[in-house]
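Counting in this note's numbering, the sequence shown runs from 44 upward without gaps. A virtual CB, placed ideally from N, CA and C, is assigned to each residue, including glycine. All of these numbers come straight from a predicted model, not from anything done at the bench. See below for the structure under consideration.
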Amino acid sequence: MVKVEFFSSIEFFQVFSPEALERFAAAASVQTFMRGDHAFAEGDEAKEMFIVKSGRIAIANRNIDRESLLALMNPGDLFGEMALFDGQGRSAGARALEQSEVVVLPYASMTEELKLDPDALWAVVGLFSRRIRVADEALADSVFLDVTGRTAKRLLDIAGDSDEFQLPITQEELAGMIGASRERVNKAIAQFVRLGWMEQHERTYRIVDRKRMTNRAS
Ligand code: CMP
Numbered sequence: 044m045v046k047v048e049f050f051s052s053i054e055f056f057q058v059f060s061p062e063a064l065e066r067f068a069a070a071a072s073v074q075t076f077m078r079g080d081h082a083f084a085e086g087d088e089a090k091e092m093f094i095v096k097s098g099r100i101a102i103a104n105r106n107i108d109r110e111s112l113l114a115l116m117n118p119g120d121l122f123g124e125m126a127l128f129d130g131q132g133r134s135a136g137a138r139a140l141e142q143s144e145v146v147v148l149p150y151a152s153m154t155e156e157l158k159l160d161p162d163a164l165w166a167v168v169g170l171f172s173r174r175i176r177v178a179d180e181a182l183a184d185s186v187f188l189d190v191t192g193r194t195a196k197r198l199l200d201i202a203g204d205s206d207e208f209q210l211p212i213t214q215e216e217l218a219g220m221i222g223a224s225r226e227r228v229n230k231a232i233a234q235f236v237r238l239g240w241m242e243q244h245e246r247t248y249r250i251v252d253r254k255r256m257t258n259r260a261s
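In structure tokens:
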């Protein structure tokens, strides 16, 4: 059972009428995933979209031995909506990085509401535009920054405003996000520690010299 307040608390759903939110709540269900469970795999046929309620979901493409981590979905984030609009199946896989609760919303329910209220498509286009911006920036970084620069940038991203943070993913997954091998990323981190820009103990990181880290990331 999903409460209507859940939907009204999510920015994406704020364009919909209170009646539409009631209908979304009635059509939705909750699914729990353990670390490593897949919500779906790349190429799967798709009939539903998801909103993270708790935990963290990785969106990734993989080949035989490596993974490219496209995005991390945190509470309030929506994923699995692309296949609704292009009908081509899942563009990437989704896997829980920790125990996660996810709200599942059937495509039929979203399609119905978008037909009733086409203005709500602005929210969809807004979501896609933001994703293209992020993807454009990642593409530019892969051209303009070396692995060390991309590692500094990604660690600063994950740190946000706080200097001390826990890496929410493994170093292998971090490397998949940066688009480099784990060895190269480890080397970059070791270099930051050696230079005194950062401290690291297992999954706990502390930014010591934010200015130098920021310079290295641009
Ligand atoms: P869908 O294609 O249905 O399933 C995979 C989902 O991953 C996709 O919908 C989006 O929700 C999400 N996704 C795919 N590519 C990206 C990306 N570059 N940035 C953020 N999310 C993405």
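I'd like to check one pair, G79 with Q142: are the Cβ atoms closer than 8 angstroms? no
Classify I3 as helix, strand or coil using the three-state DSSP reduction. The shown model of the chain, from 44 to 261, leaves out residue 3, and the question about it has no answer.
Have a look at the DSSP bridge pairing and note the partners of T75. E144
Helix, strand or coil for T194 per DSSP? helix
Compute the minimum distance between the beta carbon of S111 and the heavy atoms of the ligand CMP, and state whether it is under 7 angstroms. no
Residue of I100, E91 and I232 minimising C-alpha distance to T194: I232
So the beta strand (DSSP E) M44 belongs to, where does it begin and stop? Taken as a continuous stretch (DSSP letters only), M44 belongs to no beta strand (DSSP E), as it is neither H nor E.
How do the stretch 57-72 and the stretch 146-156 stand: do at least 3 beta-carbon pairs fall below 8 angstroms, yes or no? yes
List the endpoints of the continuous alpha helix (DSSP H) containing T213. Looking at the DSSP string, T213 is not in any alpha helix (DSSP H), and its letter there is neither H nor E.
Kindly indicate which three-state DSSP category A260 falls into: helix, strand or coil? DSSP places A260 in coil when its eight states are reduced to three.
When DSSP labels each residue in this structure, what does I250 get in the three-state scheme? strand
Please state the DSSP three-state secondary structure of P61. Assigned with DSSP and collapsed to three states, P61 falls in helix.
Using alpha carbons as the reference points, say which of V73, E62, L238 and R225 lies closest to E110. R225
Can you pull the DSSP bridge partners for R105? E110
Among L115, Q209, T247 and E144, nearest to V95 - alpha-carbon criterion: E144
Unbroken alpha helix (DSSP H) runs of length 4 or more, entirely within the stretch 142-182: which are they? 150-159
Is DSSP giving E242 helix, strand or coil here? strand
If you check the beta carbons only, do P149 and E91 fall under 8 angstroms apart? yes
Closer than 7 angstroms: is that where the CB of M44 sits relative to any heavy atom of the ligand CMP? no
Is there contact here, the stretch 244-251 with the stretch 177-189, by at least three beta-carbon pairs under 8 angstroms? no
Using C-beta distances below 6 angstroms, list every residue in its chain close to I221, excluding the 5 sequence neighbours before and after it, in chain order. R193, T194, R197 and V228
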